[in-house]
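Under the UniProt record's numbering, the residue at position 380 of the sequence shown is numbered 380, and the numbers go up by one with no gaps.
Idealized CB from N, CA, C, for every residue including glycine.
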Amino acid sequence: MSELRLWNTMTRQKEAVRLPEPGKPVTMYVCGPTVYGRAHIGNARPAVVFDVLYRLLRHLHGAENVRYARNITDIDDKIMAKAVAENRSPQAVAAEYEAAYFEDMAALGCLKPDFNPRATEHIAGDHGMVAMIAALIARGHAYAAEGHVLFDVGSFAGYGQLSRRPMDEMIAGARVEVAPYKRSPGDFVLWKPSTPEQPGWESPWGRGRPGWHIECSAMIRAVLGVETIDIHGGGLDLQFPHHENERAQSCCAHDGAELSRIWMHNGFLTMGETKMSKSLGNIITPRELLDAGWDGEVLRLALLSAHYRQPLKWDDALLAQTRAIYRKFCSEMLILDVHDREQISLPDKNSPVVAALNDDMNTKLAVDCLHNAYRVAKNHQSGAVIARSQGENDSKIKSAEYKSFFELRNIGLLLGLDLRVEGSPEMVSAIASISDILTQEEVDLRSAAKLAHNWAEADRIRNKLKANGIRLKDNKDGTTSWERV
């Protein structure tokens with residue numbers, strides 16, 4: 001079995017993921033949503049990509065040896081602005097859109113992470129944000145000024161190593177606030193004061209709330225229980241300033257210990273040639289797509305159709321092509337008995353799809369493995385038709401035929417695709433049409449068997465169709481009609 005190697009943004013090369021040790025599971029943290037509105041489909045890309053990585057890690061090492069955390073930012077100026085505009089509490093806004101996020105990601109087939117920490121739950125406490133800020137001040141990496149606490153960027157020699165940008169570009173790119181209490185323009189906020197009507201927590205620097213970056217550093221330490229995690233993931237837009245600042249403050253708070261061994265960043269989704277973003281207004285949400293009749297698994301397959309580090313153009317052509325592919329895969333599941341479809345299995349750890357994912361999560365190549373498995377299954381199906389027409393043993397034929405279909409389904413399971421026959425009414429109708437075609441093919445095979453006087457084969461097909469709710473009627477003119485019962 002090949003080892004899992006991932007592209008590390010820090011070193012700009014593929015590196016092996018640490019194997020779990022007794023009592024030391026593989027740890028992964030992915031930056032989650034700020035819950036002031038519904039996530040758009042671009043926000044869903046990291047959720048889906050890192051869900052596949054989570055599934056892969058569990059498959060390779062066992063669920064007990066993997067810990068995955070994805071946070072919820074439930075205190076933020078955007079949440080407060082939304083609350084004021086809608087005349088309700090920030091807590092109500094955050095609760096509504098947190099629930100919506102979980103609902104939408106579940107519709108895209110994402111497993112719930114082991115931990116979903118909320119920022120507001122980790123402000124106080126031994127490993128909370130206030131304690132981490134106090135440690136940074138004590139170590140000379142942060143300073144209090146006019147009710148604020150700021151990180152002193154100049155105190156950390158490694159600042160900028162993750163994004164590899166010179167300081168003047170970082171200051172411009174971060175759009176940092178110019179304030180007289182800052183020692184340097186690049187210094188960023190760890191704590192800021194709250195007005196009486198804003199949410200706030202008591203601290204040594206007065207009543208206030210945390211800055212964005214300190215939230216993730218504190219939650220990583222609190223919920224995953226280590227100073228250095230194995231994998232830190234998120235969208236490319238988080239590389240700077242968010243992840244750069246996370247790394248700086250965590251290293252300084254933990255006596256130089258790196259925050260993560262491997263940093264991963266997925267590429268953008270684009271609408272046309274432009275990055276999808278709420279600020280540009282060129283977004284569409286998973287909920288809008290689901291309400292428009294697109295199946296969640298189609299959306300998931302579309303998000304996995306390109307390598308995660310590459311940009312992905314999101315348009316109607318991609319969706320239509322993906323839906324056709326998904327229907328094709330699902331139609332083949334009709335050959336399996338219902339109890340077979342309900343059995344859960346995963347591909348062998350030495351299989352091509354695992355090798356593809358082990359090579360820096362090459363989901364495009366993994367989806368190609370689905371196509372290859374489909375072609376193999378169809379070839380086996382064609383061979384089975386010929387073998388049955390020649391009177392060969394049906395149980396032996398069925399065993400070989402089913403094996404190929406199981407492989408197709410099992411690859412799908414590793415990618416988080418159920419390849420189910422069930423789905424939206426539109427999908428059920430489409431699959432039913434394919435089912436009619438396959439049923440007619442079975443009826444024609446039975447007619448051919450009767451002409452060849454292969455009565456055993458003709459009876460086998462009749463019994464199979466009957467078990468699947470198909471009633472046959474042999475007509476006086478030699479044709480056979482059928483109906484569902």
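Task: At least 3 beta-carbon pairs within less than 8 Å: the region 96 to 110 vs the region 278 to 289 - done: yes
Open item on the list: For a test of the three-state rule: what should DSSP assign to residue 459, helix, strand or coil?
Closed with: In the sequence shown, counting from the first residue as 1, residue 459 sits at position 459. Residue state, collapsed to three classes: helix.
Task: Extent of the continuous beta strand (DSSP E) to which residue 115 belongs - done: Here residue 115 is taken as the residue at index 115 of the sequence shown, counted from 1. From DSSP, residue 115 is part of no beta strand (DSSP E); its letter is neither H nor E.
Task: Under 9 Å between C-beta atoms of residue 322 and residue 302 - done: One-based indexing of the sequence shown puts residue 322 at position 322. One-based indexing of the sequence shown puts residue 302 at position 302. Between residue 322 and residue 302, the gap from beta carbon to beta carbon is short of 9 Å.
Open item on the list: Can you check which of these residues, 29, 6, 367, 459, is closest to residue 112 by C-alpha distance?
Closed with: Start at 1 with the first residue of the sequence shown, and residue 112 comes out as number 112. Cα-wise, what sits closest to residue 112 is 29.
Open item on the list: Buried or exposed, going by whether 16 or more other CB atoms sit within 10 Å of the CB of residue 128?
Closed with: Position 128 of the sequence shown, counting from 1, holds the residue named residue 128. Classification of residue 128: buried, given that the 10 Å Cβ count is 16 or more.
- [ ] With a threshold of 16 other CB atoms inside 10 Å of the CB of residue 19, please say whether the residue is buried or exposed.
- [x] Position 19 of the sequence shown holds residue 19. When all chains shown are included, residue 19 counts as exposed.
Open item on the list: For the pair the region 46 to 60 and the region 224 to 234, tell me if three or more CB-CB distances fall below 8 Å.
Closed with: yes
Task: Terminal residues of the alpha helix (DSSP H) in which residue 323 lies - done: By 1-based counting over the sequence shown, the position of residue 323 is 323. Counting along the chain, the alpha helix (DSSP H) containing residue 323 begins and ends at 316 to 332.
TODO: Return the first residue and the last residue of the beta strand (DSSP E) that residue 222 is part of.
DONE: For this step, residue 222 is matched to residue 222 along the sequence shown. That residue, residue 222, is in no beta strand (DSSP E); its alpha helix (DSSP H) goes 212 to 224.
TODO: Closer than 6 Å by C-beta to residue 2: which residues in its own chain qualify, once you throw out the five before and the five after it? Chain order, please.
DONE: Counting from one through the sequence shown, the residue named residue 2 turns up at place 2. Once the five neighbours on either side are set aside, the close Cβ partners of residue 2 are 355, 358.
- [ ] Between the Cα of residue 331 and those of 109, 418, 10, spot the shortest distance and give me the residue it belongs to.
- [x] As a first step, residue 331 is located in the sequence shown; it is residue number 331 there, counting from the start. If we check each option's Cα against that of residue 331, 418 comes out closest.
TODO: Give the straight-line distance between the Cα atoms of residue 98 and residue 117, rounded to the nearest whole angstrom.
DONE: By one-based count along the sequence shown, residue 98 stands at place 98. By one-based count along the sequence shown, residue 117 stands at place 117. If I take the Cα positions, the gap works out to 11 Å.
Task: residue 140 versus residue 184 - alpha carbon distance - done: Taking the first residue of the sequence shown as position 1, residue 140 is located at position 140. Taking the first residue of the sequence shown as position 1, residue 184 is located at position 184. For residue 140 and residue 184, the distance between alpha carbons rounds to 15 Å.
TODO: Mind checking who residue 13 pairs with in its DSSP beta bridge?
DONE: Taking the first residue of the sequence shown as 1, we reach residue 13 at position 13. The partner list for residue 13 (beta bridge, DSSP) reads 8.
- [ ] With DSSP as the reference, label residue 127 as helix, strand or coil.
- [x] For the purposes of this step, residue 127 is taken as the residue at position 127 of the sequence shown. In the displayed model, residue 127 falls within coil according to three-state DSSP, outside both helix and strand.
Task: Beta-carbon contacts of residue 482 that lie in its chain and below 6 Å, excluding the five residues immediately before and after - done: The residue you call residue 482 lines up with position 482 of the sequence shown. Cβ contact annotation for residue 482 (same chain, cutoff 6 Å, sequence separation greater than five): 443, 470, 472, in chain order.
Task: Rounded separation between residue 259 and residue 17 - CA only - done: Working through the sequence shown from its first residue, we reach residue 259 at position 259. Working through the sequence shown from its first residue, we reach residue 17 at position 17. Answer to the nearest angstrom: the Cα atoms are 15 Å apart.
TODO: Label residue 308 either buried or exposed according to how many other C-beta atoms from any shown protein chain fall within 10 Å of its C-beta, with 16 as the threshold for buried.
DONE: For this step, residue 308 is matched to residue 308 along the sequence shown. Residue 308 comes out buried.
Task: Contact check, residue 73 vs residue 130, beta carbons under 9 Å - done: Your numbering for residue 73 matches position 73 in the sequence shown. Your numbering for residue 130 matches position 130 in the sequence shown. Going by C-beta atoms, residue 73 is not nearer than 9 Å to residue 130.
Open item on the list: Any heavy atom of the ligand NAP closer than 8 Å to the beta-carbon of residue 15?
Closed with: Looking at this structure, you won't find the ligand NAP or any other ligand, since it has none at all.
Open item on the list: Need the endpoints of the beta strand (DSSP E) that residue 192 sits in, please.
Closed with: Sequence index remark: in the sequence shown, residue 192 carries index 192 (1-based). Secondary structure note for residue 192: its beta strand (DSSP E) is the uninterrupted segment 188 to 193.
TODO: Identify the continuous alpha helix (DSSP H) that holds residue 35 and give its terminal residues.
DONE: If you number the sequence shown from 1, residue 35 lands on position 35. For residue 35, there is no enclosing alpha helix (DSSP H), as DSSP marks it with neither H nor E.
Open item on the list: My output table needs one value for residue 412: the three-state DSSP class, helix, strand or coil.
Closed with: In the sequence shown, counting from the first residue as 1, residue 412 sits at position 412. In the displayed model, residue 412 falls within a helix according to three-state DSSP.
- [ ] Output the distance between the C-alpha atoms of residue 265 and residue 148, rounded to the nearest integer angstrom.
- [x] Along the sequence shown, read from residue 1 onward, the residue named residue 265 stands at position 265. Along the sequence shown, read from residue 1 onward, the residue named residue 148 stands at position 148. Answer to the nearest angstrom: the Cα atoms are 31 Å apart.
Task: residue 27 in three-state terms, based on DSSP - done: Numbered from 1 along the sequence shown, position 27 holds the residue referred to as residue 27. If DSSP states are grouped into helix, strand and coil, residue 27 belongs with the strands.
TODO: Can you grab the Cα-Cα spacing for the pair residue 459 / residue 413, in whole Å?
DONE: Along the sequence shown, read from residue 1 onward, the residue named residue 459 stands at position 459. Along the sequence shown, read from residue 1 onward, the residue named residue 413 stands at position 413. Their Cα atoms are separated by approximately 34 Å.
Open item on the list: Tell me which residue opens and which closes the alpha helix (DSSP H) that residue 300 is part of.
Closed with: As a position in the sequence shown, residue 300 is number 300, starting the count at 1. Segment 296 to 303, the alpha helix (DSSP H) holding residue 300.
Task: Of the listed residues 411, 255, 227, nearest to residue 352 (C-alpha basis) - done: Locating residue 352 in the sequence shown gives position 352, where the first residue counts as 1. That would be 411, whose Cα lies nearest to the Cα of residue 352.
Task: Reduced DSSP secondary structure (H/G/I, E/B, other) of residue 140 - done: As a first step, residue 140 must be located in the sequence shown, where it is residue number 140. Of the three classes helix, strand and coil, the one that applies to residue 140 here is coil, per DSSP.
Open item on the list: Within 10 Å of its beta-carbon, does residue 403 have 16 or more other beta-carbons around it, so buried, or fewer, so exposed?
Closed with: Here the question's residue 403 lines up with position 403 in the sequence shown. Per the 10 Å Cβ criterion, exposed.
Open item on the list: Please report the straight-line C-alpha distance between residue 80 and residue 350, rounded to a whole angstrom.
Closed with: Position 80 of the sequence shown, counted from the start, is the residue given in the question as residue 80. Position 350 of the sequence shown, counted from the start, is the residue given in the question as residue 350. Roughly 50 Å between the two C-alpha positions.
- [ ] From the DSSP output, in three-state form, read off residue 285 for me.
- [x] On the sequence shown, residue 285 is found 285 positions in, with the first residue counted as 1. Residue state, collapsed to three classes: coil.
Task: Same chain, Cβ closer than 8 Å to residue 270, five either side skipped, listed in chain order - done: Residue numbering aside, residue 270 sits at position 270 when the sequence shown is read from its first letter. Once the five neighbours on either side are set aside, the close Cβ partners of residue 270 are 276, 311, 312, 313, 314.
Open item on the list: Suppose you measure from the CA of residue 439 to the CA of residue 465; what does that come to, to the nearest Å?
Closed with: The residue given as residue 439 occupies position 439 in the sequence shown. The residue given as residue 465 occupies position 465 in the sequence shown. Distance between the alpha carbons of residue 439 and residue 465 is about 8 Å.
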